[in-house]
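This note's numbering puts the first residue of the sequence shown at 27, with every later residue one more than the last.
Note that the Cβ used here is the ideal one computed from N, Cα and C, for glycine as well.
Keep in mind that this is a model prediction, so the values were computed, not measured.
Only one structure is covered here, and it is reproduced in the block below.
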Amino acid sequence: MNSDARRDANLDLTLDASPDVDLDVNADLNADLNADLNRGPDAVRVPGPAPEPLPATVPDPLPASDTGRSTGRGRPAPAVPPAPPAPPAATVVRVAGPEDLLAYIPYRLGFRPAESVVAVSLTGPRQRVGLVARVDIDDLRLREPGDPGGPDGAATARWLTDHVVADGADRAVVVLYTETDVVRPVAAARRAVEVLRARLERRLPGVEVWLVTPTGFRALDCTDPLCCPPQGRPLTVLQGSRVAAHMVLEGRTVAGTREERYALRPAPETARTQARRAAARWSETLRRLLAGSRYPTASDETALAEWGAESLRLWRSAVRQTAATRPGQDDPLSPVTLGKIGAALADTPVRDAVLLSLAPGTEEIARRTARREADGDTDAAISGVMARIIDPVQGVPPETGVTGPARRVLEAVVTHVPRRRRAPAYLLLALIAWWHGDGGLAVERVTEALGVDPEYRLALLLRSAIVGGVPPGWVRRDRDSSRHEPGAAARGDSRSRAWPDRPTDRPANLQARDGAGDGDGTDPDQVAVV
């Protein structure tokens, strides 16, 4: 496998909070827990910043060699679709004590950390929760003499610190999740967390460290048995916190393990067989149409355009059906439809049209793109739509009513089609996850795409952004706004800049291991569960 496609199996980096929830930490987490447990105002709603209007053109983020668009025939191009209205106001949940922050972390990651160290950045005058990054305890183990290929804990700590500082942090909190003994200073888990704390303290003095075990939670350094009993305060306190209650009301769930959160279970064998046959027939139709395009007639061009239009229609119909499905209802999509969509996504114009459909108001642009009718003006409009995702000025949060059903359709495609056809669906799933600020899921899906096609250029570009800690446009804009809130400039440090320097490269031990299902002796219909 290409070295750049190696699996980040032990890293989870969430770039920012959900677009509909802000978490303010207005408590001294290391203060007396008895006081913290009953302190803090109720959740309030605050207005969110409105997105600025899109310009006529912006630079095209897609590489020219990857667009797959023809020149077009001089038809009038549609104008850039108007930007959607401002997103709904965010719910600000204020942290009353450590139990709220500790309850939030599993919801943020999407699973319950185990034998892990989590770093949390707190930014701005309101101390909002920013980046949340998780690594395995073993990745913070100092390299042993004679083991040049072993974990490099110092490099991992430096890399995490760079990301926390680049997030604009004013404070940092570290949480250790372990079942092992941490009382002895030489304990492996204790040494791992101290490696990270020492590095963070150089840039952000006053790092707070918390311990979560199967029996309870407590401040790692607290020696007051009334405040922090040796076994910790009961975990039921976390389950009953205001943040946990808010997340439950929002319909958020937490997987038991990392593997459970990222797993996509294969469809039944009969359904996979139907999808595989439908995908083969739909691909063969495209192959014949493209083979005849060397000396195309008007009817050939029309047939090719209709194939793209029908592929996009299948996608839109699947998304609508999925959006109308209530929780607990059976999947309404047929294996034949999913097989055709999986085959169609391998065609770059159709893939780009599906990507465009993630933004409202793009119906005409997406249709012309799928029909291979794009020209220079339409490309400019496409770039304007892409700016909603990536640009820090025009970027807007994703609309979950659009991206949610789209994600479920793409996941169904992955679980039905042969492995060799999954790369485009994995890529789009990674892009949706990244747009939502879910770096852990995004890097998992983009790595799976590169496991199928190590030279997939757009996947390589997206992966570079994800592992480099580059957030989507709306996150960068909101992050910059919070840095310029009243009082931000008074801090007088370089973290109030519009955008900080890029963090250092990821340490070699976080390049991690090759994952299962990279093509050697693997059933092409078997979904890799990692």
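Distance, Cα to Cα, residue 150 vs residue 197?
9 Å
Do residue 270 and residue 261 have their C-beta atoms within less than 8 Å of each other?
no
Check residue 156 in the structure and name its three-state DSSP category.
strand
Please classify residue 294 as buried or exposed, where buried requires at least 16 neighbouring CB atoms within 10 angstroms.
exposed
Could you check if residue 354 is buried or exposed, using at least 16 other CB atoms within 10 Å of its CB as the buried criterion?
exposed
To which residues does DSSP link residue 236 through a beta bridge?
201, 245
Inter-residue spacing [alpha-carbon to alpha-carbon] between residue 337 and residue 387:
19 Å
For residue 147, the residue or residues it bridges with in DSSP
198
Which of the three DSSP states is assigned to residue 91 in this structure?
Unreliable positioning characterises residue 91 in this predicted model, as indicated by a pLDDT of 34, which lies under 50. The coordinate reading is nonetheless provided below. If DSSP states are grouped into helix, strand and coil, residue 91 belongs with the helices.
Report, in whole angstroms, the separation of the C-beta atoms of residue 222 and residue 166, which I expect to be a contact under 8 Å.
With a contact defined as Cβ atoms closer than 8 Å, residue 222 and residue 166 qualify at about 6 Å.
In the DSSP assignment, find the alpha helix (DSSP H) that holds residue 267 and state where it starts and stops.
First-last for residue 267: undefined, no H or E at that position.
Simplified DSSP assignment, three categories, for residue 162
Residue 162: strand per DSSP, three-state reduction.
Alpha-carbon spacing of residue 513 relative to residue 308, whole angstroms
Interpretation of residue 513 is limited by its pLDDT of 46, a score under 50 that renders its predicted location unreliable; no figure is taken from the coordinates.
Do the stretch 172-186 and the stretch 239-250 meet, that is, are 3 or more Cβ pairs less than 8 Å apart?
By the criterion of at least three beta-carbon pairs nearer than 8 Å, the stretch 172-186 is not in contact with the stretch 239-250.
In three-state DSSP terms, what is residue 281?
strand
Could you tell me whether the Cβ atoms of residue 453 and residue 484 are closer together than 8 Å?
yes
Which two residues bound the contiguous alpha helix (DSSP H) that contains residue 355?
Counting along the chain, residue 355 falls outside any alpha helix (DSSP H), and DSSP gives it neither H nor E.
Can you give me the C-alpha to C-alpha distance between residue 306 and residue 377, rounded to a whole angstrom?
17 Å
DSSP state of residue 360, grouped into three classes?
coil
Using only the alpha-carbon positions, how far apart do residue 300 and residue 347 sit?
20 Å
Range covered by the alpha helix (DSSP H) that runs through residue 300
Per DSSP, the unbroken alpha helix (DSSP H) holding residue 300 starts and ends at 295-317.
Roughly how many angstroms lie between the CA atoms of residue 141 and residue 420, to the nearest whole one?
40 Å
Is it the case that the stretch 122-141 contacts the stretch 458-469, given that we only count it when at least three CB pairs across the two stretches are under 8 Å?
Put simply, the stretch 458-469 touches the stretch 122-141. At least three CB pairs are less than 8 Å apart.
Can you tell which of 475, 487, 412, 395 has the C-alpha that lies nearest to the C-alpha of residue 500?
412
Are the Cβ atoms of residue 375 and residue 404 separated by less than 8 Å?
no
Which of the three DSSP states, helix, strand or coil, is assigned to residue 523?
Unreliable positioning characterises residue 523 in this predicted model, as indicated by a pLDDT of 29, which lies under 50. The coordinate reading is nonetheless provided below. Coil.
Alpha-carbon spacing of residue 156 relative to residue 434, whole angstroms
27 Å
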